[in-house]
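Protein chains in written order, with my numbering: chain A, 699 to 941; chain B, 353 to 547.
Built from N, CA and C at the ideal position, the CB exists for glycine as well.
These numbers were taken from a predicted model, which means no experiment stands behind them.
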Amino acid sequence: MKIFIGQLLSERVAFFLVAVMGGFFSSIVFSQPPDFFGRYVGVLTIEEPAEYLLTELGQDSYDNYDPNYGDPRQWDDCALEGIPPLLFTPGVATVDLLELDDGNIEMRYERDDAIRTVHMNLEGFSEDQSDSPLGYSHGYWIDNILTIETSSLAGGVVIAQKRYPISVDAHVTERYWREPGDNDLKMEVVVDDPVNYREPINIGRTWVWSPDAPLLPWDCVGLGQRHSEDLDISELRRMLEEQ
Amino acid sequence: MNLRAEWNMKNRFLLAVIASGLVLFSDLAISHHSFAQRLAGEIESLEFYDGTIDLYRMLNPHSALFLTLENEDGSNAEWLIELSSASTLGREGWTPELLSSGDRVSVAILASRTPNRGRLRAMLVHGTSDTESSRLIVAYGIRGDTPIMRRLRDRLPTCVGMEGKLNRGECFVVSHAVLQDLENEFPGQMGYVMP
């Protein structure tokens, strides 16, 4: 009888231990980043805020911005689209998310052949990053949400061809996640720019899981400055005919 | 209340109504004016020409059409017309073979302030014979879910293999008879692509 009780207890202890260990290991497994990596195509529609609450300075920038002149691509077709407009391009919206050997994440966009590195740790990070269209991006996981924070941006506008300004001091936070049973990525972008807005802006977009979609080379070709009378159309045609 | 006081009151009320109306009207007038100003750049620069295609290239970020177009005085001028990116047009079914050098065209151009340069609003690529249908290509300013596009989609079949799923451009097949009907129904230069 004593042996039977002992056996029973040891079985229960063993079962308990297995359950605890199993839970422990499964929690480790499930807290790993989900396998987001692959190719996505952004849907055409983006979810903009009902209202952009502009500061006085922001309103002034909005009122005085003409996309036909203010957009750098009116002067140079191959000027890089920056963050955040790159995240909202309507037609050319194919991106590869790659996990690099060093643990960082690379985002390769068809638009501009842009390659963005998301630093998954801040080792070597210096506050003195120079401003650039893509800025400096630092990423981390919270549960199953990939969060990317970007600063050191070049400024301009939030969405290309629209007039909402963004300053070089803006901080952009992107969050990507998958809904249960869905391979598409939901994206929420928060633009925190007290220079231009009284409260952060939230913009959403869905990126459709598209492993078979092509990601084509951009191979930018400039057609000369708009608003310039110096363009020799015949010469440009001859140059393109020879290509 | 005596008659004078009543008259004064009525007058004050009338003046208040007129003043409110003036304020409202001036606000509308200003709004309309600013709206017109915003549109003026497009409306005033919309130009129509006949001519031929010299070169068509699918490029990023803008595809290019080089055209020789006839001025009203009979002289010719070379134009550079921009289209959407090769990246998007290609996904809508456009190919480098869609247009050829020598194709005869009628175009509606959103001319930029730079001489002989603009964006394509619409282009009728004429058939090469009396029996061959023309193709109507529409792009900037009217693409997407607009009344003009709905009008065209209701009446015209789309070009084989082309689908305006990214709202960059759309191509329709137009027979001679249907073109005649469109021109009768929507008079004016390329009236069928005008508001």
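Item                                                                                                                                 : Value
Residue nearest to G833 (chain A) in terms of C-alpha spacing, selected from A:N900, A:G780, A:Y807                                  : A:G780
Completely contained beta strand (DSSP E) runs for the segment 817 to 863 of chain A, where each covers 3 or more residues           : 834 to 840, 843 to 849
Rounded separation between S378 (chain B) and A858 (chain A) - CA only                                                               : Residue placement at S378 (chain B) is flagged as unreliable, the pLDDT there being 37, under the threshold of 50; a coordinate-derived value is accordingly withheld.
Short CB-CB distance (under 8 Å) between T480 (chain B) and chain A                                                                  : no
Per DSSP, cross-strand counterpart(s) of R469 (chain B)                                                                              : B:L432
Simplified DSSP assignment, three categories, for I500 (chain B)                                                                     : helix
Within chain A, partners of H414 (chain B) - CB distance below 7 Å                                                                   : D775, L921
Collapsed DSSP secondary structure at L934 (chain A) in the structure displayed                                                      : helix
Inter-residue spacing [alpha-carbon to alpha-carbon] between S527 (chain B) and R487 (chain B)                                       : 8 Å
Beta-carbon neighbours of P448 (chain B), restricted to chain A and to distances below 9 Å                                           : Those do not exist, as P448 (chain B) stays about 12 Å from chain A at its closest Cβ, beyond 9 Å.
Segment contact flag, the segment 752 to 768 of chain A with the segment 887 to 898 of chain A, C-beta cutoff 8 Å, min 3 pairs       : yes
Within chain A, partners of D406 (chain B) - CB distance below 8 Å                                                                   : R935
Option nearest A868 (chain A) by Cα separation, candidates A:A812, A:D890, A:E939                                                    : A:D890
Cα-Cα separation, N497 (chain B) to F823 (chain A)                                                                                   : A quick correction: the sequence has Asp, not Asn, at residue 497 (chain B). Taking the straight line from one Cα to the other gives about 47 Å.
Beta-ladder partner(s) of V457 (chain B), from DSSP                                                                                  : B:G403, B:V477
is_contact[S427 (chain B), chain A] using C-beta, thresh 8 Å                                                                         : no
Beta-carbon proximity of V525 (chain B) to S485 (chain B), cut-off 8 Å                                                               : yes
Where R469 (chain B) meets chain A, residues with beta-carbon distance less than 8 Å                                                 : R924, L929, I931
Beta-carbon contacts of P509 (chain B) that lie in its chain and below 8 Å, excluding the five residues immediately before and after : F524, V525
Closest residue to P915 (chain A) among A:A791, A:D758, A:D764, A:R771 (Cα-Cα distance)                                              : A:A791
Contact belief for E462 (chain B) with R471 (chain B) at Cβ below 8 Å, rounded distance in angstroms                                 : For clarity, residue 462 (chain B) is Leu in the given sequence; the question names Glu instead. With a Cβ gap of about 5 Å, L462 (chain B) and R471 (chain B) count as contacting.
Proximal chain A residues relative to R502 (chain B), where beta-carbon distance stays under 8 Å                                     : Per Cβ cutoff of 8 Å: no residues; R502 (chain B) is ~18 Å from chain A at best.
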